[in-house]
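Chemist: Below is one structure. I have some questions about it.
Numbering (the numbering used here), first residue to last: 261 to 438.
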(Lines of atoms letter the chains of each structure in order from A and count residues from 1; the text may use other names and numbers.)
(Lines give C-alpha, C1' and ligand atoms only; values in the text may rest on other atoms or scores of the structure.)
Protein backbone atom coordinates (compact mmCIF):
# COMPACT_ATOMS: atom_id res chain seq x y z
CA UNK A 1 0.00 0.00 0.00
CA UNK A 2 1.50 3.33 -0.98
CA UNK A 3 1.93 6.12 1.56
CA UNK A 4 -0.87 8.28 0.17
CA UNK A 5 -3.38 5.41 0.30
CA UNK A 6 -2.19 4.42 3.78
CA UNK A 7 -2.62 8.01 5.00
CA UNK A 8 -6.14 8.15 3.57
CA UNK A 9 -6.98 4.79 5.18
CA UNK A 10 -5.79 6.14 8.53
CA UNK A 11 -7.86 9.30 8.08
CA UNK A 12 -10.95 7.23 7.29
CA UNK A 13 -10.36 5.08 10.37
CA UNK A 14 -9.82 8.17 12.52
CA UNK A 15 -13.02 9.68 11.10
CA UNK A 16 -14.90 6.51 12.07
CA UNK A 17 -13.61 6.83 15.64
CA UNK A 18 -14.55 10.51 15.76
CA UNK A 19 -18.10 9.76 14.62
CA UNK A 20 -18.54 7.14 17.35
CA UNK A 21 -16.87 9.27 20.04
CA UNK A 22 -18.70 12.51 19.26
CA UNK A 23 -22.09 11.38 17.92
CA UNK A 24 -22.49 7.92 19.43
CA UNK A 25 -22.72 4.52 17.82
CA UNK A 26 -26.29 5.09 16.68
CA UNK A 27 -24.90 7.66 14.20
CA UNK A 28 -22.13 5.38 12.98
CA UNK A 29 -22.90 5.02 9.29
CA UNK A 30 -20.78 4.96 6.17
CA UNK A 31 -22.35 8.25 5.08
CA UNK A 32 -21.46 9.97 8.38
CA UNK A 33 -17.92 8.59 8.32
CA UNK A 34 -17.44 9.76 4.73
CA UNK A 35 -18.75 13.22 5.64
CA UNK A 36 -16.49 13.40 8.71
CA UNK A 37 -13.49 12.42 6.57
CA UNK A 38 -14.40 14.84 3.81
CA UNK A 39 -14.72 12.17 1.12
CA UNK A 40 -17.60 10.81 -0.88
CA UNK A 41 -19.35 7.65 0.29
CA UNK A 42 -18.04 6.01 -2.89
CA UNK A 43 -14.52 7.04 -1.92
CA UNK A 44 -14.98 5.45 1.48
CA UNK A 45 -16.39 2.28 -0.10
CA UNK A 46 -13.31 2.07 -2.34
CA UNK A 47 -11.19 1.60 0.79
CA UNK A 48 -13.70 -0.21 3.00
CA UNK A 49 -16.44 -2.05 1.05
CA UNK A 50 -18.85 -2.17 4.01
CA UNK A 51 -19.31 -1.18 7.64
CA UNK A 52 -17.91 -4.48 8.91
CA UNK A 53 -14.69 -3.98 6.92
CA UNK A 54 -14.40 -0.45 8.32
CA UNK A 55 -14.81 -1.69 11.90
CA UNK A 56 -12.33 -4.51 11.28
CA UNK A 57 -9.87 -2.02 9.83
CA UNK A 58 -10.39 0.25 12.81
CA UNK A 59 -9.71 -2.52 15.31
CA UNK A 60 -6.67 -3.79 13.41
CA UNK A 61 -5.20 -0.30 13.18
CA UNK A 62 -5.77 0.43 16.86
CA UNK A 63 -4.34 -2.93 17.93
CA UNK A 64 -1.26 -2.37 15.78
CA UNK A 65 -0.69 1.12 17.23
CA UNK A 66 -1.39 -0.08 20.76
CA UNK A 67 0.98 -3.04 20.46
CA UNK A 68 3.71 -0.87 18.95
CA UNK A 69 3.32 1.73 21.74
CA UNK A 70 3.38 -1.01 24.37
CA UNK A 71 6.57 -2.50 22.88
CA UNK A 72 8.28 0.89 22.64
CA UNK A 73 7.33 1.97 26.15
CA UNK A 74 8.23 -1.41 27.63
CA UNK A 75 11.66 -1.36 25.96
CA UNK A 76 12.58 1.84 27.84
CA UNK A 77 12.65 -0.01 31.18
CA UNK A 78 14.18 -3.38 32.02
CA UNK A 79 13.24 -3.62 35.69
CA UNK A 80 10.60 -6.07 36.93
CA UNK A 81 7.13 -4.65 36.32
CA UNK A 82 8.19 -2.74 33.19
CA UNK A 83 5.51 -4.37 31.03
CA UNK A 84 2.80 -3.41 33.52
CA UNK A 85 4.05 0.17 33.79
CA UNK A 86 3.95 0.38 30.00
CA UNK A 87 0.47 -1.19 30.04
CA UNK A 88 -0.75 1.46 32.48
CA UNK A 89 0.72 4.30 30.41
CA UNK A 90 -0.44 3.07 27.02
CA UNK A 91 -3.90 1.89 28.11
CA UNK A 92 -4.83 5.19 29.67
CA UNK A 93 -2.99 7.57 27.29
CA UNK A 94 -5.44 7.68 24.34
CA UNK A 95 -8.25 5.24 25.03
CA UNK A 96 -10.79 6.85 22.68
CA UNK A 97 -9.49 5.10 19.57
CA UNK A 98 -9.69 1.64 21.13
CA UNK A 99 -13.02 2.42 22.75
CA UNK A 100 -14.63 3.37 19.45
CA UNK A 101 -13.42 0.21 17.75
CA UNK A 102 -14.52 -2.03 20.59
CA UNK A 103 -17.94 -0.43 20.85
CA UNK A 104 -18.45 -0.79 17.11
CA UNK A 105 -17.36 -4.43 17.17
CA UNK A 106 -19.51 -5.32 20.16
CA UNK A 107 -22.55 -3.62 18.68
CA UNK A 108 -22.29 -5.10 15.20
CA UNK A 109 -20.53 -8.44 15.33
CA UNK A 110 -18.85 -9.87 18.43
CA UNK A 111 -16.81 -12.13 16.10
CA UNK A 112 -14.84 -8.99 15.21
CA UNK A 113 -13.42 -9.07 18.74
CA UNK A 114 -11.31 -12.15 17.94
CA UNK A 115 -8.13 -10.11 17.18
CA UNK A 116 -8.60 -8.21 20.47
CA UNK A 117 -9.01 -11.47 22.35
CA UNK A 118 -5.87 -12.85 20.70
CA UNK A 119 -3.88 -9.75 21.65
CA UNK A 120 -5.11 -9.97 25.23
CA UNK A 121 -3.79 -13.53 25.47
CA UNK A 122 -0.36 -12.29 24.35
CA UNK A 123 -0.44 -9.33 26.72
CA UNK A 124 -1.54 -11.52 29.63
CA UNK A 125 1.38 -13.89 29.02
CA UNK A 126 3.78 -10.93 29.01
CA UNK A 127 2.23 -9.60 32.22
CA UNK A 128 2.73 -12.97 33.93
CA UNK A 129 6.39 -13.01 32.83
CA UNK A 130 7.09 -9.43 33.92
CA UNK A 131 9.23 -10.31 36.93
CA UNK A 132 6.50 -9.80 39.51
CA UNK A 133 4.33 -12.37 41.20
CA UNK A 134 2.04 -13.47 38.32
CA UNK A 135 -1.09 -13.20 40.49
CA UNK A 136 -0.23 -9.64 41.58
CA UNK A 137 0.67 -8.74 38.00
CA UNK A 138 -2.68 -10.05 36.78
CA UNK A 139 -4.56 -8.14 39.49
CA UNK A 140 -2.82 -4.94 38.36
CA UNK A 141 -3.71 -5.61 34.72
CA UNK A 142 -7.32 -6.30 35.66
CA UNK A 143 -7.43 -3.07 37.70
CA UNK A 144 -6.19 -1.09 34.69
CA UNK A 145 -8.72 -2.78 32.43
CA UNK A 146 -11.43 -2.07 35.01
CA UNK A 147 -10.48 1.60 35.21
CA UNK A 148 -10.52 1.80 31.43
CA UNK A 149 -13.96 0.12 31.20
CA UNK A 150 -15.36 2.39 33.94
CA UNK A 151 -14.20 5.41 31.94
CA UNK A 152 -15.50 3.99 28.65
CA UNK A 153 -18.98 3.20 29.96
CA UNK A 154 -19.24 5.97 32.56
CA UNK A 155 -19.46 3.44 35.39
CA UNK A 156 -18.71 5.52 38.48
CA UNK A 157 -15.75 7.28 36.84
CA UNK A 158 -13.20 8.59 39.31
CA UNK A 159 -12.52 12.29 39.74
CA UNK A 160 -9.04 13.32 38.59
CA UNK A 161 -7.46 13.56 42.05
CA UNK A 162 -8.68 10.15 43.18
CA UNK A 163 -7.82 8.63 39.80
CA UNK A 164 -4.23 9.87 40.18
CA UNK A 165 -4.03 8.30 43.64
CA UNK A 166 -5.27 4.98 42.24
CA UNK A 167 -2.73 5.13 39.39
CA UNK A 168 0.08 6.04 41.82
CA UNK A 169 -0.83 2.98 43.91
CA UNK A 170 -0.88 0.74 40.84
CA UNK A 171 2.52 2.07 39.74
CA UNK A 172 3.88 1.44 43.23
CA UNK A 173 2.64 -2.15 43.11
CA UNK A 174 4.63 -2.67 39.90
CA UNK A 175 7.78 -1.66 41.76
CA UNK A 176 7.45 -3.97 44.75
CA UNK A 177 10.59 -5.91 43.76
CA UNK A 178 12.86 -2.88 43.16
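We treat Cβ as the ideally placed atom computed from N, Cα and C, and that holds for glycine.
Being a predicted model, the structure only gives us computed values, none of them experimental.
Quick one: which unbroken alpha helix (DSSP H) runs of 4-plus residues sit fully inside the stretch 286-348? Chain order, please.
Modeler: For the stretch 286-348, whole alpha helix (DSSP H) runs of length 4 or above, ordered along the chain, are 290-297, 301-307, 311-335.
Chemist: Spatial neighbours of residue 438 within its chain, please: C-beta separation below 8 Å, excluding the five flanking residues on both sides.
Modeler: One-based indexing of the chain shown puts residue 438 at position 178. With a pLDDT of 48 at residue 438, under the threshold of 50, the modelled position of that residue is not reliable, and the figure given next carries that caveat. Within the same chain, residue 438 has close Cβ partners 339, 340, 341.
Chemist: Whole angstroms are fine: how far does the CA of residue 375 sit from the CA of residue 325?
Modeler: Taking the chain shown and counting its residues from 1, one reaches residue 325 at position 65. Taking the chain shown and counting its residues from 1, one reaches residue 375 at position 115. Residue 325 and residue 375: Cα-Cα distance of roughly 13 Å.
Chemist: Let me check understanding here. Comparing Cα to Cα, which of 372, 288, 435 lies closest to residue 400?
Modeler: Counting from one through the chain shown, the residue named residue 400 turns up at place 140. If we check each option's Cα against that of residue 400, 435 comes out closest.
Chemist: Once you ignore the five residues that flank residue 369 on each side, which residues in its own chain have a CB closer than 7 Å to its CB?
Modeler: Counting from 1 along the chain shown, the entry for residue 369 is found at position 109. 312, listed in sequence order.
Chemist: Under the rule that 16 or more other beta-carbon atoms within 10 Å means buried, what is residue 382, buried or exposed?
Modeler: If you number the chain shown from 1, residue 382 lands on position 122. Classification of residue 382: exposed, given that the 10 Å Cβ count is below 16.
Chemist: For my contact list, residue 430 and residue 404 are in at a C-beta cut-off of 8 Å; report their separation, rounded to the angstrom.
Modeler: Against the chain shown, residue 430 aligns to sequence position 170. Against the chain shown, residue 404 aligns to sequence position 144. Yes, residue 430 and residue 404 are in contact; Cβ-Cβ is about 7 Å, under 8 Å.
Chemist: Helix or strand or just coil, what does DSSP make of residue 424?
Modeler: Locating residue 424 in the chain shown gives position 164, counting from the first residue. The answer is helix: DSSP assigns residue 424 an H, G or I state.
Chemist: Just to confirm my understanding: we take residue 308, look at its own chain, exclude 5 residues before and 5 after, and list those with CB closer than 7 Å. What are they?
Modeler: Numbered from its first residue, the chain shown carries residue 308 at position 48. Closer than 7 Å at Cβ, skipping near neighbours: 272, 314, 317.
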